[in-house]
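Numbering (full-length UniProt numbering), first residue to last: 1 to 338.
Below you can see the structure in the form of structure tokens.
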């Protein structure tokens, strides 16, 4: 009996052990699939270039974009039909830290609402000229160095590419400080921008008196130091001057506008402050016109074409820049193939 009992037991034990080993192997295999998704095969693999997120077509969104300056807010109105073209809209010298003024001072959002183009409106950059500075501003305790050209030409396009926005099918437009910056970005990044618009820009910043005028304006707008941006007439300063880099604009579709500073339909001052602001806007626009005419002469001498809008009436204010964006819109859309 003992012998019989002994001989019958191993079959059950061997069966139990084989079952246990099979379960262990199954568990190990399952763990491998869970911890190494790449081993699960094509059915479980994520698309390599899928957008990480997309709002409904034509929707509005605020993004926080990583940069060498820290996170930068960017307001976006997505293309109406999901297209990959984009228009960058650059602010003026008094750019705010909460909103890009194109989003609330003008009808830009409504103007392009039915077009298949994404509006890209970076927030911040007061007195920056959207340039890469040599150091933080030494007159206001700035803790970091402006790197706006790097952000707009490298970091932001790479981020937006994840949302389906092309890195090469773009236009750029800006007013005042943003006008000269728009031309600079397009001149040095021709693979990225297919059109540039400057509204009331300062397009000859190396002309006599211009640097000191900019110094005063930057101190008034945030106490920024122009010398922290670039030394006087250094290669870095000249690189920012549209009059100097004009030859690099050859073949680029451009819309360039400025007015003579005579008050027009958008000027309705009230009280002492209103009249002071209007007089200031008159002077700033007149200075922009002098710069623009100099720049236009330079382009004509080089045989470089552009579309100009030089109305008599108009001051350095948002109502006129809204009008000029509307005027540039057909050219912008045509350059983007829309």
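From the three backbone atoms N, C-alpha and C, an ideal C-beta is built for every residue, glycine too. Only a predicted model underlies this, so the values are computations on that prediction, with no experimental measurement involved.
What do you reckon, are the CB atoms on residue 58 and residue 94 nearer than 8 Å?
Remark: C-beta atoms of residue 58 and residue 94 do not approach each other more closely than 8 Å.
Taking just the CA atoms, how far does residue 201 sit from residue 314?
Roughly 14 Å separates the two Cα atoms.
According to the neighbour-count rule (16 or more other Cβ atoms, all chains shown, within 10 Å of its Cβ), is residue 146 buried or exposed?
Result: buried.
Excluding the 5 residues preceding and the 5 following residue 204 in the sequence, name in chain order all residues of the same chain whose CB lies nearer than 6 Å to its CB.
For residue 204, the CB contacts under 6 Å within the same chain, skipping 5 residues up- and downstream, are 243, 291, 294 and 295 in chain order.
When the Cβ atoms of the region 221–230 are set against those of the region 160–169, are three or more pairs found closer than 8 Å?
The region 221–230, when compared against the region 160–169, does not touch it at the 8 Å Cβ threshold.
Could you check the C-alpha separation between residue 262 and residue 162 for me, to the nearest Å?
Taken atom to atom, the span from the alpha-carbon of residue 262 to that of residue 162 is near 46 Å.
Hey, could you find the ends of the alpha helix (DSSP H) residue 199 is sitting in?
In the DSSP annotation of this structure, residue 199 is not part of any alpha helix (DSSP H); the continuous beta strand (DSSP E) holding it starts and ends at 193–199.
Inter-residue spacing [alpha-carbon to alpha-carbon] between residue 206 and residue 238:
The alpha-carbon of residue 206 is positioned some 7 Å away from that of residue 238.
Proximity winner among 186, 152, 86 and 60, relative to residue 247 (alpha-carbon distances):
When only C-alpha atoms are compared, the closest one is 186.
Nonlocal neighbours in the same chain, by C-beta distance under 7 Å from residue 236, ignoring five residues either side
Hits under 7 Å: 134 and 230.
Taking the beta carbon of residue 149 as the centre, do at least 16 other beta carbons fall within 10 Å, making it buried, or is it exposed?
Residue 149 comes out buried.
Should the region 175–185 be regarded as contacting the region 154–161, the criterion being three or more beta carbon pairs within less than 8 Å?
Taking one beta carbon from each stretch, the region 175–185 and the region 154–161 have fewer than 3 pairs nearer than 8 Å; the two do not touch.
Indicate whether residue 92 and residue 130 have their beta-carbon atoms separated by less than 8 Å.
Pairing residue 92 with residue 130 gives a Cβ-Cβ distance that is not under 8 Å.
Could you pull out every residue in the same chain whose Cβ sits closer than 6 Å to the Cβ of residue 122, ignoring the five residues on either side in sequence?
Cβ neighbours of residue 122 beyond the five flanking positions: 74.
With a CB to CB cut of under 8 Å and the five nearest residues on each side skipped, what residues in its chain are close to residue 302?
Here residue 302 has 246, 247 and 250 as same chain residues with Cβ atoms under 8 Å from its own Cβ, once five neighbours each way along the sequence are excluded.
State yes or no: is the C-beta of residue 218 within less than 8 Å of the C-beta of residue 127?
Taking 8 Å as the Cβ cut-off, residue 218 and residue 127 qualify as a contacting pair.
Find out if the Cβ-Cβ distance for the pair residue 111, residue 328 is shorter than 8 Å.
No; because the gap between Cβ atoms is not below 8 Å, this pair is not in contact.
Would you mind reading off the limits of the beta strand (DSSP E) that contains residue 60?
It spans 60–65 - the beta strand (DSSP E) in which residue 60 sits, taken as one unbroken run.
Since residue 359 and residue 338 should fall inside the 8 Å C-beta cutoff, what is the C-beta to C-beta distance between them, to a whole number of angstroms?
Nothing about residue 359 can be read from this structure; the chain reaches only from 1 to 338.
If we define contact as Cβ-Cβ less than 8 Å, is residue 321 a contact residue for chain D?
The chain labelled as chain D is not found in the depicted structure, where only one protein chain is given.
Mark residue 285 as exposed unless 16 or more other C-beta atoms lie within 10 angstroms of its C-beta, in which case mark it buried.
Counting the other Cβ atoms within 10 Å of the Cβ of residue 285 gives 16 or more, which makes it buried.
Do residue 324 and residue 199 have their C-beta atoms closer together than 8 Å?
One thing to note: residue 324 has its Cβ within 8 Å of the Cβ of residue 199.
State buried or exposed for residue 172, treating a residue as buried only when at least 16 other CB atoms are found within 10 Å of its CB.
Answer is buried; the Cβ neighbour count reaches 16.
Residues near residue 69 in its chain [Cβ-Cβ closer than 6 Å; skip 5 each side]:
The answer, listed in chain order, is 144 and 147.
Who are the Cβ neighbours of residue 278 in its own chain at under 6 Å, not counting the five residues just before and after it?
Result list for residue 278: 267 and 269, in chain order.
Should residue 155 and residue 67 be called a contact, given that it needs their Cβ atoms to be closer than 8 Å?
For residue 155 and residue 67, yes; Cβs fall inside 8 Å.
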